[in-house]
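These notes are about the structure you will find just below.
Number of protein chains: 2
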Amino acid sequence: MEKVTCFRNIGELIQVQPGGETPKLVKKTRCALLVSQGKVDKVIRDSEVNHHDFFREVDLEGRSVLPGLVDCHTHLIYAGDRKDEMEQRMAGTSYMDILKNGGGILSTVKATRQATEDDLYEMARQRVLRMMTLGTTAFEIKSGYGLDLDTEKKMLRVGQRLRKNLQVPITLTYLGAHTAPKGKTIDQYFEFVMEHLPEFRHLADGVDIFCERDVFTVAHLRRLFLHAKLVGFHQLRAHVEELSHQGGCYNAARLGAISCDHLEHGTPHDIRALELSGTTAVLMPGVTFFLGGKKTPPVHAMIEAGVHLALATDCNPGSSPSYNMQTVLGLAQSLYQITPEQALIAATHGSARALDGHKNYGGLLPGQRADFIVLKTNDYRDMFYCFGENFVDQTYSAGKKVKGKKDPVSF
Amino acid sequence: MEKVTCFRNIGELIQVQPGGETPKLVKKTRCALLVSQGKVDKVIRDSEVNHHDFFREVDLEGRSVLPGLVDCHTHLIYAGDRKDEMEQRMAGTSYMDILKNGGGILSTVKATRQATEDDLYEMARQRVLRMMTLGTTAFEIKSGYGLDLDTEKKMLRVGQRLRKNLQVPITLTYLGAHTAPKGKTIDQYFEFVMEHLPEFRHLADGVDIFCERDVFTVAHLRRLFLHAKLVGFHQLRAHVEELSHQGGCYNAARLGAISCDHLEHGTPHDIRALELSGTTAVLMPGVTFFLGGKKTPPVHAMIEAGVHLALATDCNPGSSPSYNMQTVLGLAQSLYQITPEQALIAATHGSARALDGHKNYGGLLPGQRADFIVLKTNDYRDMFYCFGENFVDQTYSAGKKVKGKKDPVSF
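One line per chain: the protein sequences are A and B, in this order. Whatever position you read off the first sequence (first residue = 1), add 2 for this note's numbering. Whatever position you read off the second sequence (first residue = 1), add 2 for this note's numbering.
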C-alpha cells in the first residue's frame, strides 16, 4: 500500500487549472490534500478524512494553502552587493557615472570571478532556502556574471549542485550574452560566446541574451538563437524591450522563444507575436520598483490578447535585490493594476509554463509535485491587502516541509 | 544607585540629531547603549563596557540599532475590512460605483458603529502590537469612522485605553470632519461637528479635517481651526491637496497647523507656506502604492526648501491597509527617489516632530525614551536594499522588549 500523507483542516485551498483559453483559479474550502510519493494525489472534503486511514496526518488549522510560487527569472548566483550604488543612485548619481566609478554589473562580475566555487555555492544555497521560506518552490537561475569561460561554467556548476542537493526544480540558463567584459567590444565578445556555445550544452537547459541599446542587437539575438537550436538547446529566452524598443521580442517569439522577459517597451506588434507564438511574457515589477521607473509593460493589452503572463523577482544585486515572490505579487497588483487572482495565476501556473510547461508543478493539481505554501491566515487575498508583510507560515516541497532560515540572509 | 541596563555589542547604532538647518543621521559602530529608567542615558564604546558594573547586560550580537519608527498618521481603530473593494477596484470598478454598492468609507463607518467598545479595543490593540513588532514605537491615531457623537467618542476612548494600557506614546486626533454620514449634507454635518467640538477637548490632543473636492472646503477648514484654537486644542492637522488642489495646505499652515498631510497636489506656494510656518509635511507613499496612483508629492522641492518631512502608514482599511513602517520606508525610497538616510530621518525625527516636537522620542538621544529597534543584520540599508522583507528582530519601548505577535493579525 502507498504511504499517503493527509494535510487536513485546510480553510481554503487554491489550485490553478490550465483551462481552455486562460488558466483558472479554483478555490475549495474545508478540504484536505492527499500527498503520495511527493506528489498530489487528490483533494477530498475535510469531513471525509476520518473515513480513511492515512500514513500521516498534518493539521493545517484552517489556514489557506496555495501552489508554491515559481520564480522563473533570477540571477541569484553572485558575490558582492551593490548597496553603495543604490545610495548613490538615490542621491542623484547617474548610472553612467556609477559605471565609471567601478560600480554597476562589472563590479558583480569582478566579485563573482574572485569567489571560490564553494563560497558561491554556499551564498546561493542560503538565498534559495531563504526564498523557499518566503514561498518559492521552483526557480530559474542564469549565469552571466562571469563573462569568461571559467566563471560562467563555475556559476552553472553551482546551479547544478543546488539542483542536486536541494532536490528542488531548478532550470539553468546560460546567459553568456549578458554584457561585454572589460577590454572587449560587444562584437568581439559575442563571437567568443558563439564559438564556445557547445561547451555549455550539458551545463544549462537554455540560453538567454540581453538585447538592448548599446548591448546586444537583434542581429546578435537571431544568430545566437539559431546557433543554440543547432547545438541542441531547447529553451530560448531573451531580455527584451526593457529600456528601449529594439525588436528583440518579435524576433525571439518568431524563433520559438519559451519566454520573453521585461517588455516595458513592448508594442502591439510584439503582443501579437507573443500571442501567435505562445511565448510566455515574464514581467518583473521589482525592477521597476527598485529603480524607481515609471514605465510598465502593456499588461492589460497582453491580457486582452490572451498572452500568457508570468511573474519573477529578477533577483540580482543591481536592479532587484529581492528574494521575495510575495513582494512581487503585491507590486504586480499595484504597478500593473491587476487582481490578486491574475497575479497569483501568473506567479504559479504562468511562471511554471515559462519553465517546464506547467506539467510537473505550478497548479497543485493531481500528479504534480506537492509544492505548496501554507499561509498565516485563511484568505490568500491578505497577501495583497496587507502589502509588505510575510504571510507564508510554511513551505512544502514535494510534500516535505522546508526548514530554512527565518531571517534574511546577509548579502 | 540607578539601575542601568547596558545593550552591548551593537554593530551599528543610528541616532538622529536635530542639527541646525536639517536633522542629521549619526552612525556609531561597535558601541553600547546605556538605558536608565526607560530613557537613553548615553552611548559608550563597546570596549569600555567591561570597565563598568551594570544592573543588566544585553548582548545585541553585532546587530544594527535604530530609533523606533514613528507612525504619525493612522486610522487604526476600525472594524471590518475592505478586501472585496480592493478586488473590485483592480477589476476596473470605479470608486463611485463601489460607494453606490455600499462600499467605501461608509462601510467602515457602519462596521465601526456596530462594534462594541471592547471589540474595537481588542482589534486595535492587536494592530498596535503587530505594528510594534514591525518596528513602530510611537503612534498618532485618528477618530473619524463614527461620524456621530457616540462612535467618535467610543473611538477616542479606545485610543485612551491603548495609551494607558500599553504605555506607548499615542497622540489622539478628533477627525469628526472626515466625511458626512449618510443622510446629511457636508454643510449640515459640519455645523454639527462645530457645535459639539468642545465635548472632544478632553478626549483628543488635536483636530483634523479632510479638505477635498466634494468633501470639506477651505472655508470649513478655517472655521474648524479657529474654533478648535478657541476651545483649546493645541494640535491642528489637515488632510490636504491629496486628490486635487484646494488651498487647504496654505490655509492650514497660516493658521499654525502642526502637520499638513498627503500633499500629492502641493504647489510651490504651499511649499513656501510650510517652510515659513515650520509645519511638518506628512507623506504617505502606502496610499499612492495601494491605490496604484502615479502622482507623488513634490518631495525634492520640499527638501530643497527645507520643509520638515515625516512618513506615516495612513493605516486604514480602504486606502492603505498596511501596519508596516518598514514598507513605508521602502516605498518612500522608490516612489520619491530619496536616500535611505532621508527616509529614515523622516520616519523617526520627522514624524516625532509632527507629534510631540521630537522632544521625548524620535532620535534615540540622551534623555529621550529608549524606544529602539534591533535589526536582523548590521546595516540599516538592508531594509531598503532587500525591500519587502521584515528586518526587525526586536523592538524596545522605554527600554523594555515588546512581546507582540510575530504573525499578521486578522482583519
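Glycine is no exception: its CB is placed at the ideal position from the N, C-alpha and C atoms. Everything numeric in this text was worked out from a predicted model, so none of it was measured.
Bounding residues of the alpha helix (DSSP H) (the contiguous stretch that carries residue i)
i: Cys-213(A); result: Unbroken run through Cys-213(A): none, as it is neither H nor E.
i: Val-45(B); result: Careful: Val-45(B) lies outside any alpha helix (DSSP H), inside the beta strand (DSSP E) at 41 to 47.
i: Leu-346(A); result: 342 to 347
i: Gly-332(A); result: 327 to 338
i: Arg-203(B); result: Where Arg-203(B) is concerned, there is no enclosing alpha helix (DSSP H), given that its DSSP letter is neither H nor E.
i: Ile-422(B); result: Because chain B here runs from 3 to 413, residue 422(B) falls outside it and cannot be looked at.
i: Lys-155(A); result: 151 to 168
Residue i in three-state terms, based on DSSP
i: Ser-399(B); result: strand
i: Gly-288(B); result: helix
i: Asp-360(B); result: Residue 360(B) is actually His in this sequence, not Asp. Three-state DSSP puts His-360(B) in coil, outside helix and strand.
i: Val-247(B); result: The displayed chain sequence assigns His, not Val, to residue 247(B). If DSSP states are grouped into helix, strand and coil, His-247(B) belongs with coil.
i: Glu-59(A); result: strand
i: Asn-11(B); result: strand
i: Phe-141(A); result: strand
i: Arg-115(A); result: helix
i: Val-6(A); result: strand
i: Thr-95(B); result: coil
i: Arg-355(A); result: helix
i: Lys-405(B); result: coil
i: Gln-17(A); result: strand
i: His-222(A); result: helix
i: Thr-76(B); result: coil
Cβ-Cβ distance between residue i and residue j below 8 Å
i: His-360(A); j: Pro-20(A); result: yes
i: Gly-137(B); j: Gly-70(B); result: yes
i: Ala-372(B); j: Gly-352(B); result: no
i: Leu-174(A); j: Gly-146(A); result: no
i: Pro-323(B); j: Lys-44(B); result: no
i: Val-284(B); j: Ala-314(B); result: yes
i: Ile-347(A); j: Val-309(A); result: no
i: Gly-390(B); j: Thr-341(A); result: no
i: Leu-36(A); j: Val-6(A); result: yes
i: Ser-66(A); j: Asn-362(A); result: no
Residue-level contact to chain B via CB, residue i, 8 Å cutoff
i: Val-18(A); result: no
i: Arg-65(A); result: no
i: Asn-11(A); result: no
i: Ile-340(A); result: yes
i: Glu-244(A); result: no
i: Lys-85(A); result: yes
i: Asn-326(A); result: yes
i: Met-98(A); result: no
i: Thr-329(A); result: yes
i: Tyr-387(A); result: yes
i: Met-196(A); result: no
Expected contact under 8 Å - CB spacing of residue i and residue j to nearest Å
i: Met-92(B); j: Gln-335(A); result: 6 Å
i: Leu-357(A); j: Ala-182(A); result: Contact flag wrong, Cβ pair sits at about 28 Å.
i: Gly-320(A); j: Arg-84(A); result: 5 Å
i: Gly-406(B); j: Arg-132(B); result: 6 Å
i: Lys-155(B); j: Leu-205(B); result: 6 Å
i: Cys-251(B); j: Ala-221(B); result: That pair is no contact at about 15 Å.
Beta carbon proximity, residue i to chain A, threshold 8 Å
i: Gln-396(B); result: no
i: Ile-383(B); result: The identity of residue 383(B) in the sequence shown is Arg, whereas the question assumes Ile. True, the Cβ-Cβ gap to chain A drops below 8 Å.
i: Phe-202(B); result: no
i: Met-88(B); result: yes
i: Phe-413(B); result: Only weak support is given to the placement of Phe-413(B): the predicted model assigns it a pLDDT of 49, under 50, and the value that follows is read from those uncertain coordinates. Output row for Phe-413(B): interface = yes.
i: Ser-336(B); result: yes
i: Gln-162(B); result: no
i: Cys-262(B); result: no
i: Glu-415(B); result: This structure cannot settle anything about residue 415(B), because the visible part of chain B is limited to 3 through 413.
i: Gly-137(B); result: no
i: Glu-501(B); result: One cannot answer for residue 501(B) here, as it falls past the ends of chain B, which runs 3 to 413.
i: Ala-348(B); result: no
i: Ala-126(B); result: no
i: Pro-299(B); result: no
Residue range of the unbroken beta strand (DSSP E) whose run includes residue i
i: Asn-318(A); result: Per DSSP, Asn-318(A) belongs to no beta strand (DSSP E) and is neither H nor E.
i: Gly-240(A); result: Sequence check: residue 240(A) is Ala here, not Gly. Start and end: 237 to 242.
i: His-54(B); result: That residue, His-54(B), is in no beta strand (DSSP E); it is neither H nor E in DSSP.
i: Ala-34(B); result: 26 to 38
i: Phe-374(A); result: 374 to 377
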